[in-house]
Amino acid sequence: MDNRYEAYAYADPHFYDTPRRWGAHEEFAAVSRPLPDGWERSEAEIWSIVRPLEVQLPAQGWKIHVSACAEDAEAVLETVWAYCLRERITFKFLRGLPILQVQNSKYAARQASGKFCTVYPVDDQELERCLEGLGGLLKGRRGPYILSDLRWADGPLYLRYGGFAEQYCRNDAGDRVLALRRPDGTLVPDVRGPGFSVPPWAPVPGHIAAAVADRAKPRETGLPYAVERVLHFSNAGGVYLAADPAGGPRVVLKEARPHAGLDQRGVDAVTRLRNEHAVLTRLAGVPGVPAEHGLLTAWEHEFLVQEYVEGTSLSQWLTARYPLIHPGADESVVAEYCREALDVVRRIESTLDAIHARGVVFGDLHPRNLIVRPDGEICFIDFELASTTEEFLRPALGAAGFSAPRGYSGTDVDRYALAAIRLWLFLPLPQLTALDPGKAGELADFLERRFPVPPGYADDIRALLGHSEGDGRTRGPAIGRRRAELNALLTAREPDWPAIRDSLAAGIAATATPGRSDRLFPGDVAQFAHGGLGLAHGAAGVLYALHVTGAEVDPAHVRWLADAAEARSTVPGLYHGGHGVAYVLDLLGEHETALALVRRLSKAPDDHADTTLGTGTPGIALALLHFAGVTGDTATADRALSLAVSAADTLEKAGPGDAGRRAGLLAGASGAALALIRLYEHGGDIRLLDRAEALLGLDVDRCASVADGTLQVVDGRRVLPYVETGSAGIGLALDALLAHRPGSELARHRDALRRAAEPEFVIQPGLFNGRAGLLGYLALTRHDGAADGPARAAVMLRRHRTRLALHQISYEGRLAFPGDQLLRLSADLATGSAGVLLALGTALAGTPFLPWTGARTTVPRASSLIG
Numbered sequence: 001m002d003n004r005y006e007a008y009a010y011a012d013p014h015f016y017d018t019p020r021r022w023g024a025h026e027e028f029a030a031v032s033r034p035l036p037d038g039w040e041r042s043e044a045e046i047w048s049i050v051r052p053l054e055v056q057l058p059a060q061g062w063k064i065h066v067s068a069c070a071e072d073a074e075a076v077l078e079t080v081w082a083y084c085l086r087e088r089i090t091f092k093f094l095r096g097l098p099i100l101q102v103q104n105s106k107y108a109a110r111q112a113s114g115k116f117c118t119v120y121p122v123d124d125q126e127l128e129r130c131l132e133g134l135g136g137l138l139k140g141r142r143g144p145y146i147l148s149d150l151r152w153a154d155g156p157l158y159l160r161y162g163g164f165a166e167q168y169c170r171n172d173a174g175d176r177v178l179a180l181r182r183p184d185g186t187l188v189p190d191v192r193g194p195g196f197s198v199p200p201w202a203p204v205p206g207h208i209a210a211a212v213a214d215r216a217k218p219r220e221t222g223l224p225y226a227v228e229r230v231l232h233f234s235n236a237g238g239v240y241l242a243a244d245p246a247g248g249p250r251v252v253l254k255e256a257r258p259h260a261g262l263d264q265r266g267v268d269a270v271t272r273l274r275n276e277h278a279v280l281t282r283l284a285g286v287p288g289v290p291a292e293h294g295l296l297t298a299w300e301h302e303f304l305v306q307e308y309v310e311g312t313s314l315s316q317w318l319t320a321r322y323p324l325i326h327p328g329a330d331e332s333v334v335a336e337y338c339r340e341a342l343d344v345v346r347r348i349e350s351t352l353d354a355i356h357a358r359g360v361v362f363g364d365l366h367p368r369n370l371i372v373r374p375d376g377e378i379c380f381i382d383f384e385l386a387s388t389t390e391e392f393l394r395p396a397l398g399a400a401g402f403s404a405p406r407g408y409s410g411t412d413v414d415r416y417a418l419a420a421i422r423l424w425l426f427l428p429l430p431q432l433t434a435l436d437p438g439k440a441g442e443l444a445d446f447l448e449r450r451f452p453v454p455p456g457y458a459d460d461i462r463a464l465l466g467h468s469e470g471d472g473r474t475r476g477p478a479i480g481r482r483r484a485e486l487n488a489l490l491t492a493r494e495p496d497w498p499a500i501r502d503s504l505a506a507g508i509a510a511t512a513t514p515g516r517s518d519r520l521f522p523g524d525v526a527q528f529a530h531g532g533l534g535l536a537h538g539a540a541g542v543l544y545a546l547h548v549t550g551a552e553v554d555p556a557h558v559r560w561l562a563d564a565a566e567a568r569s570t571v572p573g574l575y576h577g578g579h580g581v582a583y584v585l586d587l588l589g590e591h592e593t594a595l596a597l598v599r600r601l602s603k604a605p606d607d608h609a610d611t612t613l614g615t616g617t618p619g620i621a622l623a624l625l626h627f628a629g630v631t632g633d634t635a636t637a638d639r640a641l642s643l644a645v646s647a648a649d650t651l652e653k654a655g656p657g658d659a660g661r662r663a664g665l666l667a668g669a670s671g672a673a674l675a676l677i678r679l680y681e682h683g684g685d686i687r688l689l690d691r692a693e694a695l696l697g698l699d700v701d702r703c704a705s706v707a708d709g710t711l712q713v714v715d716g717r718r719v720l721p722y723v724e725t726g727s728a729g730i731g732l733a734l735d736a737l738l739a740h741r742p743g744s745e746l747a748r749h750r751d752a753l754r755r756a757a758e759p760e761f762v763i764q765p766g767l768f769n770g771r772a773g774l775l776g777y778l779a780l781t782r783h784d785g786a787a788d789g790p791a792r793a794a795v796m797l798r799r800h801r802t803r804l805a806l807h808q809i810s811y812e813g814r815l816a817f818p819g820d821q822l823l824r825l826s827a828d829l830a831t832g833s834a835g836v837l838l839a840l841g842t843a844l845a846g847t848p849f850l851p852w853t854g855a856r857t858t859v860p861r862a863s864s865l866i867g
């Protein structure tokens, strides 16, 4: 799971939400404490910021982080509070204990772990006074080691040179990141990795120079082994493959950081490591359990030494073999995979029985904790959550979809997880059963229809994963009946588009929270970084999908977006910025508000380094082209052309050697190509098509031909067929080019790109990185002139439509869909129900797809508002 999502899944059982809302009931008293005259308080998501009014902070400098354990965090905060108010120093702190625990949890970002308070000295003298004064007051306090910083003395204070004010630039991947300003005025990324470093040009005050120099010296590990490579990192510590200098067999070293890697009970990594050692000792000699070779301490960390198990994780095993991720999977291949998967289940169950026979509950059974050896045997790893049956302790960590809900105890916890693995091996969607246990029966039924499993194979899936109390919104008997009716809408041979549209629209409307100022509709966790207004993850994208598909749009929701656009500052950009908001407001009839927003955005600093459609100049150019058409302002059209050409210049200068650049419609050169094509349609300059063709060639160069006949974007060890960063996004821009230049050399890639959009199984339902995006792309290309084009497209479109039922989670009796990671529902365009609605509209009714994709269309304005 993407570690960003865990903290956002705590606050609400249905939707991703900010950790601040989850932790609001346990905020520190200091959050609302009255301040003395001359002080002010502000908020930044999970932080509370306190500063003296007369103090002007520099843009960057040496900051002090204060670490703390949960048991004395409030006392540490009171000390920092009193000191900073007395000395009139700006500081910030995490708002409450739940947030502190999440920041220090096992799957939290390693570079942020331990940072409880931050103190901002204005100069070197104040820094020195703080280190001495605050250091003395907090001497003896403990806290997680802050990996990104330099520890001062042996207390809880840490140092790092970084930004005080928010400044931004683009990193090598084109992402907008926090920045530092070099002495020559150039902005560079403020790198916040899990290791201490000082920019070579940064001033180092004399009183910390010796400590900085000492930290830079090479250090011995203190381990009696030679570390060969890292196998895994988490906030709890690293897992390393190591060699015995004495010539013994290689071993695995599992590291535990004190006070870090917390579980939901607040237990740290060291405590869990010692528990794992005790459990492995008890299981000595059990086949499928690694041998332990003792505990050791190096520096302040503890290490468990255990047998190195050769092989691949079960997750990697499935990725290499799973047949349904390929178009046109051969049934003999499906049958062979089924035989192998059944053998894997048998071996897992056999080892689990042996573990239980020794009186141990494994507690954390999921595919990443299972190793498939070269001979096919299974080995269990990571026993840190295990406990004995006589002293069973319910695990306070676990993998989504594999962790048993409350009510399960003892070995039944493992039996639940084994049932989830039974499902996952054939349909890797167990997260859905955690969100809605009623899905277990549906998925089991599909599994039995699609794979030749023996009778009774799916019985445990139905009995264990489907057992849960109803909550009246996504669960319970009545919801179950309604879910079947909604699934029938998606799977009908002759789909009822108006009924599908209206159910999706009603489900979206049911999630609306117009009383909130930060967002109108729940979506991906990214909406808390980009704001709740934009096309990708905010209200604009949802209202766009409702509007262009002819669904009802609540005028109060349009008003919410217009008011928010007037009241809030927003950055430029199409999908993650204000230009997309302005575009949608104009479509919805809020013309003056839209134009005023565009005027405000025009005063923002130019950022020609961002060449992506999602956040950069190509997307801005398309929005400006729209407004040039609305106003007849040729200067706006000229500005659009200038921005698009500038993006092309940057991309062409970097060329195919720019290894850090991503590909796809929103993240790659295809977005800039699309902008040039639409500008060609506006002005007729053939040179723009030439450049668009060259840019598409850059993205095609990021692709690989796969053995199944597809062409997909290479992303590390993966290949991606999706819209945002994958081959479908390239295909959308290529189709726009071929409408004007059918003889392009790039036309030979069209079939392989389209074929990549035809897999039978897709892990997520969303538009940007899931099935809905593939559906919409294929819908736009169904009448391409190929002999079997329409017939083949009809088959593929029907399969995508009907397979969306696998992901459908009924919300208040309406169609709804989970977002990325499948842990919570989402209504947004990029990941949730709005994106599914948009794609289904394109496939079933020919309504517009993503703005400026497909044939040139005129989007209707404000004709479908309720009223």
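Position one of the sequence shown corresponds to residue 1 (UniProt numbering), numbered consecutively onward. Ideal Cβ placement from N, Cα and C applies to all residues, glycine included. Fair warning: this is a prediction, and the values are worked out from it, not measured in the lab.
- Taking 8 Å as the upper bound for CB-CB distance, residue 383 and residue 370 are not in contact here, some 12 Å apart.
- Each residue's CA atom was taken as its position, placing residue 141 and residue 47 some 22 Å apart.
- In terms of Cα proximity to residue 219, the closest of 298, 202, 271, 176 is 298.
- Counting only unbroken stretches of 3 or more residues, the beta strand (DSSP E) elements lying wholly within the segment 3-66 are 39-44, 47-52, 60-66, in sequence order.
- Residue nearest to residue 750 within the set 770, 778, 102, 177 is 778 (criterion: CA-CA distance).
- Assigned with DSSP and collapsed to three states, residue 130 falls in helix.
- In summary, residue 136 is exposed, with fewer than 16 beta-carbon neighbours lying within 10 Å of its beta-carbon over all protein chains present.
- A distance of 8 Å or more separates the beta carbons of residue 354 and residue 301.
- The beta carbon of residue 144 is closer than 7 Å to those of 67, 104, 113, 114, 257, 259, 260 in its chain, skipping five residues each way along the sequence.
- 8 Å or more divides the Cβ of residue 311 from the Cβ of residue 252.
- Under the three-state reduction of DSSP output, residue 226 falls in the strand class.
- Residues 57, 63, 90, 164 of the same chain have their beta carbon placed closer than 6 Å to that of residue 120, with the five preceding and five following residues left out of the count.
- Contact between residue 16 and residue 638 does not hold, since their C-beta atoms are separated by about 41 Å, which reaches or exceeds 8 Å.
- Pairing residue 197 with residue 507 gives a Cβ-Cβ distance that is not under 8 Å.
- The alpha carbon of residue 701 has as its nearest neighbour, out of 294, 614, 746, 436, the alpha carbon of 746.
- For secondary structure counted as the alpha helix (DSSP H) over 4 or more consecutive residues, the segment 817-845 holds these complete runs in sequence order: 833-845.
- The Cβ atoms of residue 670 and residue 729 sit closer than 8 Å to each other.
- Classified as exposed, residue 186 has fewer than 16 neighbouring CB atoms from the shown chains inside 10 Å of its CB.
- Selection 52, 814, 458 evaluated against residue 83 yields 52 as nearest (Cα-Cα).
- A residue is called buried once 16 or more other Cβ atoms fall within 10 Å of its Cβ, and residue 19 is buried on that count.
- Secondary structure within the segment 64-130: the beta strand (DSSP E) runs of 3 or more consecutive residues, fully enclosed, are 90-94, 117-120 (chain order).
- Below 8 Å, enough C-beta pairs join the segment 836-852 and the segment 490-505 to call them touching: three or more.
- At a cut-off of 4 residues, the continuous stretches assigned as alpha helix (DSSP H) that sit fully inside the segment 280-364 are 314-321, 331-357.
- Per DSSP, reduced to three states, the secondary structure at residue 388 is strand.
- Only exposed fits residue 25, as fewer than 16 other CB atoms lie within 10 angstroms of its CB.
- In the assembly as shown, residue 795 is an exposed residue. Its beta-carbon has fewer than 16 other beta-carbons within 10 Å.
- Of 654, 487, 604, 748, the smallest CA-CA separation from residue 813 is found for 487.
- Cβ-Cβ separation between residue 830 and residue 734: approximately 22 Å, too far for a contact (criterion under 8 Å).
- When only Cα atoms are considered, residue 405 and residue 624 end up about 51 Å apart.
- At the C-beta level, residue 601 and residue 678 stay beyond 8 Å of one another.
- Among the bridge pairs identified by DSSP, residue 162 is matched with 61.
- Listed as beta-bridge partners of residue 602 by DSSP are no residues whatsoever.
- Listed in chain order, the non-local C-beta contacts of residue 168 below 7 Å within the same chain comprise 176, 177, 178, 179, local neighbours out to five positions each way being set aside.
- Per the C-alpha coordinates, the member of 232, 273, 236, 426 positioned closest to residue 322 is 426.
- Sequence-distant Cβ neighbours of residue 122 in its own chain, meaning closer than 7 Å and more than five residues away, are 55, 57, 58.
- With contact defined as three or more Cβ pairs closer than 8 Å, the segment 510-520 and the segment 452-471 are not in contact.
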